[in-house]
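Protein chains in written order, with the numbering used here: chain A, 2 to 408; chain B, 894 to 979. Each residue gets a CB set at the ideal place from its N, CA and C atoms; glycine is no exception. Since the structure is predicted, the reported quantities are computational estimates derived from the model, not experimental observations. Report on the structure given below.
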Amino acid sequence: MCTQAASHILNGFKPKYESTVTQNLWNDGAVMLGKLNMDEFAMGSSNETSFYGPVVNPWRATGSKENLVPGGSSGGSSAAVAAHICAGATATDTGGSIRQPAAFTGTVGIKPTYGRCSRWGIAAFASSLDQAGPITRDVRDAAIMLKSMASVDDKDTTSVDLPVPDYEAALGGTIKGMKIGIPAEYKVDGMDPEIVTLWEQGIAWLKDAGAEIVNISLPHTKYALPAYYIVAPAEASSNLARYDGVKYGLRVPGKDITDMYEQTRAKGFGAEVKRRIMIGTYVLSAGYYDAYYLQAQKVRTLIKNDFENAFAAGVDAILTPATPSAAFAIGDKAMIDDPVQMYLNDVFTVTVNMAGLPGIAVPAGLSSTGLPLGLQLIGKPFDEVTLFKTANVIEKAAGKFVAAKWW
Amino acid sequence: MTALVDTRTTDPKRLIPGATGDWEVIIGLEVHAQVTSQSKLFSGSSTKFGAEPNANVSLVDAAMPGMLPVINRKNAWRKPYARVLG
Numbered sequence: 002m003c004t005q006a007a008s009h010i011l012n013g014f015k016p017k018y019e020s021t022v023t024q025n026l027w028n029d030g031a032v033m034l035g036k037l038n039m040d041e042f043a044m045g046s047s048n049e050t051s052f053y054g055p056v057v058n059p060w061r062a063t064g065s066k067e068n069l070v071p072g073g074s075s076g077g078s079s080a081a082v083a084a085h086i087c088a089g090a091t092a093t094d095t096g097g098s099i100r101q102p103a104a105f106t107g108t109v110g111i112k113p114t115y116g117r118c119s120r121w122g123i124a125a126f127a128s129s130l131d132q133a134g135p136i137t138r139d140v141r142d143a144a145i146m147l148k149s150m151a152s153v154d155d156k157d158t159t160s161v162d163l164p165v166p167d168y169e170a171a172l173g174g175t176i177k178g179m180k181i182g183i184p185a186e187y188k189v190d191g192m193d194p195e196i197v198t199l200w201e202q203g204i205a206w207l208k209d210a211g212a213e214i215v216n217i218s219l220p221h222t223k224y225a226l227p228a229y230y231i232v233a234p235a236e237a238s239s240n241l242a243r244y245d246g247v248k249y250g251l252r253v254p255g256k257d258i259t260d261m262y263e264q265t266r267a268k269g270f271g272a273e274v275k276r277r278i279m280i281g282t283y284v285l286s287a288g289y290y291d292a293y294y295l296q297a298q299k300v301r302t303l304i305k306n307d308f309e310n311a312f313a314a315g316v317d318a319i320l321t322p323a324t325p326s327a328a329f330a331i332g333d334k335a336m337i338d339d340p341v342q343m344y345l346n347d348v349f350t351v352t353v354n355m356a357g358l359p360g361i362a363v364p365a366g367l368s369s370t371g372l373p374l375g376l377q378l379i380g381k382p383f384d385e386v387t388l389f390k391t392a393n394v395i396e397k398a399a400g401k402f403v404a405a406k407w408w
Numbered sequence: 894m895t896a897l898v899d900t901r902t903t904d905p906k907r908l909i910p911g912a913t914g915d916w917e918v919i920i921g922l923e924v925h926a927q928v929t930s931q932s933k934l935f936s937g938s939s940t941k942f943g944a945e946p947n948a949n950v951s952l953v954d955a956a957m958p959g960m961l962p963v964i965n966r967k968n969a970w971r972k973p974y975a976r977v978l979g
């Protein structure tokens, strides 16, 4: 079966190898039903950058027939799981690509700690941020699936040799006395009041379950998104240099080899991928490297330090909203006209990738228009157990959210 | 990438007078060394000389999607590299 990363440039590419995370799933008896749509090379927050067209969210606003986005980049995964087409789906998360689509579709999505899953066999976007994880309908399924996917791997030197805990066994455990941090900086200006209410509801549920709520500060949060949009495109521009039409995928003939490269890349990549390759090449170029890339790397360390300070002060997990809004319409003009509006979808999730931490999105309620909204829990490195346990408490309090079938 | 700034002060005895001013001669060496190893630095492919075209190519050498470099574990690589780079 073809692996095309929803890009025209990988047209017809059939790998002769199996990624470690999927091989782990097959070894445990999982069955592949098919491969799903996504944003091209995982670059997008709405699944609209796919060469194969947008994915439609199974959720619709109450009384509306308007098609909504399923989030992105793993929008095919989130939509298929929400529509009960499959029990669970693999996904990858570089800046929120598991958690944001999970929040938009009322599903559970976990991005594990960097190094928990092997990246071998997964087309790379930004190697220092990418992690694979599951999207499922409940926390238990996510726990089972991550347990299977996670492993150390000789073929990925960034994978970590730590035992994979039995995540499922942690479910139902008490969170009494656990310290849950509420970061002041995530209360962004002009935040949707519905998201504020959802967050407060989440705090109340955890408090009711015996957790201690503590206000924390993550002072460098506001620099995370700008720094992410330097680091991620920089790595992408390097990772995507291999797609040249020589060995696999699309080849557009040219008058000589340079012309062939140029024609292939011009035709093979979509607008968002080209934008990011150009940004990445720019920030890595001589003269700008120090001003942009090096600065962004320093910001990244500061963001990581913020989290480390919170955890060192005794915080066990951090609760935030997963997204700034519910799912929006396919073709939303504000998002298409201004890429930064689209990038803001990941404002609560990118910090987690920048710091290499685990984060889980769990459905927590419905908007006034009847669309699912999610909360995010951020944990200590390799402490996915706490995330599953705490997300399970939220899930039990919030109840199930199933899209009404219209398709 | 990062500009190298030489902070040493020049010994005037080393300067050679030129038409436009004094010159200091600084000689840099770029050393290309081949390490005797059975496999490549970032893949398990053979380094056998004279093999058929494309015979010593692995998935990572060919930059297939999703492939990751893994550094050769043999110490044979590290020591000479440390010497050359250090």
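Tell whether a beta-carbon distance below 8 Å holds between residue i and residue j.
i	j	result
residue 365(A)	residue 399(A)	yes
residue 226(A)	residue 348(A)	yes
residue 111(A)	residue 89(A)	no
residue 353(A)	residue 395(A)	no
residue 376(A)	residue 303(A)	no
residue 187(A)	residue 351(A)	no
residue 22(A)	residue 150(A)	yes
residue 78(A)	residue 113(A)	no
residue 192(A)	residue 373(A)	no
residue 70(A)	residue 389(A)	no
residue 131(A)	residue 120(A)	yes
residue 128(A)	residue 240(A)	yes
residue 100(A)	residue 327(A)	no
residue 238(A)	residue 281(A)	yes
residue 20(A)	residue 195(A)	no
residue 427(A)	residue 51(A)	Any property of residue 427(A) remains undetermined from this structure, which presents chain A solely from 2 to 408.
Where DSSP assigns a beta bridge to residue i, which residues make up the other side?
i	result
residue 378(A)	320(A) and 361(A)
residue 274(A)	Answer by DSSP bridge pairing: none, since residue 274(A) is not bridged.
residue 89(A)	137(A)
residue 215(A)	182(A)
residue 916(B)	909(B)
residue 932(B)	939(B)
residue 132(A)	94(A)
Three-state secondary structure (DSSP) at residue i?
i	result
residue 939(B)	strand
residue 384(A)	coil
residue 62(A)	coil
residue 109(A)	strand
residue 313(A)	helix
residue 909(B)	strand
residue 70(A)	coil
residue 366(A)	strand
residue 927(B)	coil
residue 237(A)	helix
residue 330(A)	strand
residue 373(A)	strand
residue 260(A)	helix
residue 192(A)	coil
residue 55(A)	coil
residue 397(A)	helix
residue 202(A)	helix
residue 922(B)	coil
residue 338(A)	helix
residue 255(A)	coil
residue 78(A)	helix
residue 12(A)	coil
Measuring alpha carbon to alpha carbon, tell me which of the options ends up nearest residue i.
i	options	result
residue 189(A)	305(A), 247(A), 272(A) and 345(A)	345(A)
residue 212(A)	144(A), 133(A) and 317(A)	317(A)
residue 86(A)	113(A), 64(A), 61(A) and 136(A)	136(A)
residue 921(B)	929(B), 899(B), 908(B) and 961(B)	899(B)
residue 258(A)	250(A), 267(A) and 246(A)	246(A)
residue 104(A)	75(A), 129(A) and 113(A)	75(A)
residue 143(A)	374(A), 169(A) and 184(A)	169(A)
residue 957(B)	31(A), 390(A) and 123(A)	123(A)
residue 165(A)	384(A), 402(A) and 407(A)	384(A)
residue 299(A)	232(A), 343(A), 8(A) and 267(A)	232(A)
residue 343(A)	18(A), 287(A) and 96(A)	96(A)
residue 59(A)	371(A), 363(A) and 333(A)	371(A)
residue 933(B)	903(B), 954(B) and 904(B)	954(B)
residue 37(A)	72(A), 260(A) and 6(A)	6(A)
residue 82(A)	27(A), 138(A) and 33(A)	138(A)
residue 284(A)	331(A), 235(A) and 315(A)	235(A)
residue 181(A)	167(A), 203(A) and 197(A)	203(A)
residue 250(A)	10(A), 408(A), 208(A) and 4(A)	10(A)
residue 331(A)	13(A), 176(A), 26(A) and 68(A)	68(A)
Task: Sufficient close CB pairs (3 or more, under 8 Å) joining the region 274-290 of chain A to the region 41-48 of chain A - done: yes
Open item on the list: Between the region 205-221 of chain A and the region 301-315 of chain A, can you find at least three pairs of beta-carbon atoms closer than 8 Å?
Closed with: yes
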